[in-house]
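Comments concern the structure below.
Residue numbers (this note's numbering): 105 to 390.
This is the structure we're talking about:
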């Protein structure tokens, strides 16, 4: 993943202003705004620092921003005003590996964060095991009762996307299209292609895993129940472009904000999960 994002670099900022990204930004800021004040935040997959900067301006006491791509971290560092430098720490690390905690900036920081914010992290897990490792790092980061806010794919509607998808041309004007480039039991491997950036158009691969994979990985990591919040349109977007412009997105809204908490009392999966009913066999650990 670092290789594809090192190559994309600051072109990602151009992608962020496309219509489809604007509705994601609005939804994330609505979730973050009421709760970031005075919070100590770990941001995983910080990219070029869009949410990093926003959270600092919204009053976060400190943000530790992590990305696997050194090019993305370098771009993010340029967005932070001098007067906020004391409230931000940047580091390069793989959020899917326990070795993330071995770096100088993160060593000894486990259990000290009020929030973890992860915009477009979980969709880079290609298996349940990889997602579990990401969520285990999130669990380790949070204080008891701490909250995860994660922007990711809208897993409950995964089967609305298919190989050689006939709906893709209807969505191109939104700024990007998804192509299924591989299928497996837990979901799809996808290729995102931006549209409308000219010679700066970008492509990158990610994974669209099923909702039950997310739920099972979260339970195995010890996180609380996942709450899915589909990213829908704000009134300002409807007024600016009109309902017809957004209808293809409304037909299959591809983004969701996943919210979960680290339990106040530590819970770990004991033996199995019945995903269809949502019931979990859990044991309390002291």
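No residue lacks a Cβ here, since even glycine has one placed at the ideal position from N, Cα and C.
Where residue i sits in the DSSP three-state scheme
| i | result |
| --- | --- |
| residue 324 | helix |
| residue 206 | helix |
| residue 198 | coil |
| residue 334 | strand |
| residue 360 | strand |
| residue 315 | helix |
| residue 232 | helix |
| residue 193 | strand |
| residue 147 | strand |
| residue 366 | coil |
| residue 142 | coil |
| residue 114 | coil |
| residue 252 | strand |
| residue 390 | Its pLDDT being 42, under 50, residue 390 is placed unreliably in this model, and the coordinates cannot settle the point. |
| residue 302 | helix |
| residue 219 | strand |
| residue 164 | coil |
| residue 289 | coil |
| residue 295 | strand |
| residue 246 | strand |
| residue 187 | helix |
| residue 170 | strand |
| residue 214 | coil |
| residue 379 | Because the pLDDT at residue 379 is just 39, under 50, the model does not fix this residue reliably, and the point stays unresolved. |
Option in the options with minimal Cα separation from residue i
| i | options | result |
| --- | --- | --- |
| residue 249 | 206, 181 and 369 | 369 |
| residue 335 | 231, 130, 172 and 279 | 130 |
| residue 138 | 159, 305 and 360 | 159 |
| residue 168 | 242, 264, 300 and 272 | 242 |
| residue 234 | 148, 201 and 347 | 201 |
| residue 353 | 110, 276, 194 and 330 | 276 |
| residue 311 | 228, 261, 123 and 282 | 228 |
| residue 366 | 337, 331, 347 and 308 | 331 |
| residue 231 | 198, 126, 246 and 290 | 290 |
| residue 152 | 194, 127 and 165 | 194 |
| residue 174 | 351, 150 and 154 | 150 |
| residue 52 | 266, 127 and 286 | For the chain, the structure presents residues 105 to 390; residue 52 sits outside this window and is missing. |
| residue 118 | 283, 288 and 279 | 279 |
| residue 267 | 274, 260, 259 and 283 | 283 |
| residue 134 | 343, 338 and 236 | 338 |
| residue 356 | 281, 305, 211 and 303 | 281 |
| residue 307 | 263, 285 and 319 | 285 |
| residue 192 | 198, 215, 165 and 273 | 165 |
Exposure label - residue i; buried when at least 16 CB within 10 Å
| i | result |
| --- | --- |
| residue 171 | buried |
| residue 358 | buried |
| residue 317 | buried |
| residue 388 | Here the model assigns residue 388 a pLDDT of 43, short of 50, so the residue's position is not dependable, and the following value carries that caveat. Exposed, since its Cβ has fewer than 16 Cβ neighbours within 10 Å. |
| residue 111 | exposed |
| residue 147 | buried |
| residue 114 | exposed |
| residue 145 | buried |
| residue 182 | exposed |
| residue 265 | buried |
| residue 344 | exposed |
| residue 156 | buried |
| residue 364 | buried |
Closer than 8 Å is the cut-off here; do at least three beta carbon pairs connect the region 220–239 with the region 254–267?
A contact exists between the region 220–239 and the region 254–267.
Three-pair Cβ contact test at 8 Å for the region 176–184 versus the region 207–219
no
Quick check: the region 139–151 against the region 284–299, are at least 3 beta-carbon pairs closer than 8 Å?
no
For the 8 Å Cβ check, are there 3 or more pairs between the region 229–244 and the region 318–335?
yes
Which runs of the alpha helix (DSSP H), 4 residues or longer, sit entirely within the region 254–286?
272–275
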